[in-house]
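**Q** Can you read through this structure? Questions will come right after.
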Amino acid sequence: MEMDDHKRRRNMILYVIIAMAIYLVLSTLLFPNLGQHVQISQVSYTQLLKDLEDKKVDTVQYTTDDASVVYTRKGDDEGIAYETTAMPTDAQLTDRINDAGATLDVVVPSNDSNMLLYFLIYFSPILIFLLFGWWLNRKMKKSMGDDGPSMNFGGGFGGMGGGLGKSGARIVASKDVGVTFKDVAGQEEAKESLKEVVDFLENPKRYEDIGARLPRGALLVGPPGTGKTLLAKAVAGEAGVPFFSISGSEFVEMFVGRGAAKVRDLFKQANEKAPCIVFIDEIDAVGKRRDAGLSTNDEREQTLNQLLTEMDGFDNHKGIVVLAATNRPDSLDPALLRPGRFDRRIPVELPDLAGRKAILELHAKDVKTQPPIDLTAIARATPGASGADLSNIINEGALRAVRMGRARATQEDFEESVEVVIAGQQRKSTILSDHEKQVVSYHEIGHAIVAASMKEGAPVTKITIVPRTSGALGYTMQVEEDEKFLTTKQEVLDKLAVYCGGRAAEELIFGEMTTGAANDIEQATKLARNMITRFGMSEEFGMMALGTVQNAYLNQDTSLTCAPGTAERVDDAVLKVIEQAHARALQVLKENKFKLHELARYLYKKETITGEEFMTLLKRENPLMPPKPTA
Ligand code: ADP
Ligand code: MG
Ligand code: ZN
């Protein structure tokens, strides 16, 4: 049974009227006094005695606790009563009443009955509403064959029945999506693929006429924060259709069977509102490969099976497109990916230089800025940043401007916020000792000098020893002039040497090792390992792949695929490469020891220096350094 909005509203009004009628009837029946209007006038005790003598009294009601007497008289209109206080000593009152032929009613108020009465009076409306709602809901469900979707009487009676929001799918009217392709920058290829979907949703008839079978589902895959959710919304916004969205994790609940019911419900709702978009975010939470492993998850499998069934079952001619997003496409069940389901895969990759610039410009439009602003420079300094990172950088810049008490954000604000996003906020509370500060200065200048000595490679743009909340005590920033898509073996080796430069400087000057190089070591080892296992850049193993990348869109972890004996040799080779890089860095620093001292002292004093300052000082009376462009 399908229930449109109009019908639902009528039902709801009917329900309120019936409930109110029942309440009125019950309240007059149960508590007749409540509604009745009794006019009570105060009279004297003498008046009562007189009325009794005249045999005018009809009924007498005596309340024990306050000794009040309420009585009515024969011949009076209904609703008129008299009240007085009985004389406690008047033992003959009962006799007098008897003699007068009146009926006597004695009321002994007890606290308990009072409480119950109050309870009933106060809660009866709610009780009646609840009972009635429950009954109505049950009736509806029965008439729908018991699997019907929720009968929503509007959110106002939340929790009533059990019918409310069973699927949890948020229905957002297309006007409310408020996002179109204009709000997505840089993802031109993804937008291109999705344009067809938009067209299909706008004119399903045209496709039907020619007999084309359109994709039922498209899978948006890419790293976190690249705009997958945004793109899905934009498709709905462009086509002007409703957008049903649910997150994969919402399916996975405690009770078996609930997830499957949700899927069923979601598609039922979508069917009513077609053409529309059904969007399943983070689909890997429910669509994980089913396997015969020990840890089977019944609930998840049921949900997945239901999803597969629904995707086969819905009537595509109405114009329903299911979009899903994930950053772990390789973990998805193959059944989800076969033709007729999510057969289209739309990569949403990290933006390139032009894309980053476009995203920065889009978000900067909402911020008041103080020219000159060079967003290209920001884009250049942020390789690997996602759309979400970039939008965050713009926002952090604006926040910084406010903190500084300015009305407009400047280029400096944005540049500082790049560092905030990369390395965390400056941490003023970390007070380094004098010696530590010296060590950090030499460490960073060590990186910078080794970097500057390379023929190729990104120029140094900034060196700082201001501690960051990320735990970094300082860092050296290098920014590529142009975007690089390929890296040569020589460049990888150079990079390794730069990583080793920090520790090498510490050893050379202080003859000791500190924990400050931990991150450098980690990065260097990862790079060296990739060089050998994935890039085929070693003589020993040549072009043999020794590992595979898992979660390409997340952390790019490599797992070895070779025999244990080979793995040992891989470790040896990794060590050798790193050792060579370390030796090379040490050599460069030995040759430039004088400059190392000079620059480290300068950095120690100034705490933050630019790439230009660094290069000028480095090249002054220094024939060893090759001429290099400064950033
Ligand atoms: P995902 O779903 O891929 O993890 P989102 O779509 O949730 O990423 O993106 C998060 C936020 O990042 C968006 O709300 C938007 O502000 C910003 N963003 C990401 N990519 C883009 C883009 N290509 N253009 C504009 N803004 C973007
Ligand atoms: Mg998302
Ligand atoms: Zn370092």
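Each residue of the sequence shown is one higher than the one before, starting from -12 at the first, in this note's numbering. All residues carry an ideal CB built from backbone N, CA and C; glycine is no exception.
1. DSSP on residue 254, reduced to helix/strand/coil?
2. Which ranges does the beta strand (DSSP E) cover as unbroken runs of at least 3 residues, wholly within the stretch 55 to 93, from first to last along the chain?
3. With respect to 6 Å, is the separation between the Cβ of residue 216 and the closest non-hydrogen atom of the ligand MG below this value?
4. Going by C-alpha to C-alpha distance, which of 79, 179, 54, 365 sits closest to residue 467?
5. Out of curiosity, what's the CA-to-CA distance linking residue 433 and residue 488?
6. Would you check whether the ligand ZN has a heavy atom nearer than 6 Å to the C-beta of residue 489?
7. In angstroms with no decimal places, state the Cα-to-Cα distance between residue 72 and residue 35.
8. By the three-class DSSP mapping on this structure, what secondary structure does residue 623 have?
9. Take residue 575 and list the residues in its own chain whose beta-carbon comes closer than 7 Å to its own, dropping the five residues that flank it on each side.
10. Figure out for me which residue from 357, 409, 403 has the closest Cα to the Cα of residue 394.
11. Is it buried or exposed, residue 569, if we count other Cβ atoms within 10 angstroms and call 16 or more buried?
12. Can you give me the Cβ contacts of residue 551 inside the same chain, cut-off strictly under 7 Å, excluding the 5 residues immediately before and after it?
13. Taking the DSSP output, what are the residues bridged to residue 451?
14. How would you label residue 321, buried or exposed, when you count the other beta carbons within 10 angstroms and need 16 or more for buried?
15. For residue 307, write down the residues that DSSP places opposite it in a beta bridge.
16. Find out if the Cβ-Cβ distance for the pair residue 29, residue 66 is shorter than 7 Å.
17. Which same chain residues end up closer than 6 Å to residue 49 when comparing Cβ atoms and leaving out the 5 residues on each side of it in sequence?
18. Looking at the ligand ZN, does it come within less than 6 Å of residue 481, judged from the CB to the closest heavy atom?
19. If I'm right that residue 270 touches residue 300 with Cβ under 8 Å, what's the distance once you round it to whole angstroms?
20. Give me the residue from 211, 515, 226, 256 with the minimum Cα distance to residue 233.
21. Please check the pair residue 453 and residue 413, which I expect to be a contact at CB under 8 Å, by giving their CB distance rounded to whole angstroms.
22. Taking the runs of the alpha helix (DSSP H) that are 4 residues or longer, which of them lie wholly in the stretch 474 to 537?
23. Quick one: is residue 5 buried, meaning 16 or more other Cβ sit within 10 Å of its Cβ, or exposed?
24. Exposed or buried, residue 344, counting other C-beta atoms within 10 Å across all chains shown (16 or more means buried)?
25. Check this for me: beta carbons of residue 335 and residue 207, under 7 Å apart or not?
26. Once you ignore the five residues that flank residue 331 on each side, which residues in its own chain have a CB closer than 6 Å to its CB?
27. Could you tell me whether any non-hydrogen atom of the ligand ADP is closer than 6 Å to the CB of residue 174?
28. Determine the closest residue to residue 515 out of 420, 504, 486, with distance taken between C-alpha atoms.
**A** In terms of the structure at hand:
1. helix
2. 55 to 60, 67 to 72
3. yes
4. 365
5. 5 Å
6. yes
7. 10 Å
8. Past the edges of the chain, shown from -12 to 618, lies residue 623, and the structure says nothing about it.
9. 436, 437, 440
10. 357
11. buried
12. none
13. 462, 595
14. exposed
15. 263
16. no
17. 56, 93
18. no
19. About 18 Å; that fails the 8 Å criterion.
20. 256
21. 5 Å
22. 476 to 497, 505 to 520
23. exposed
24. buried
25. yes
26. 202, 205
27. yes
28. 486
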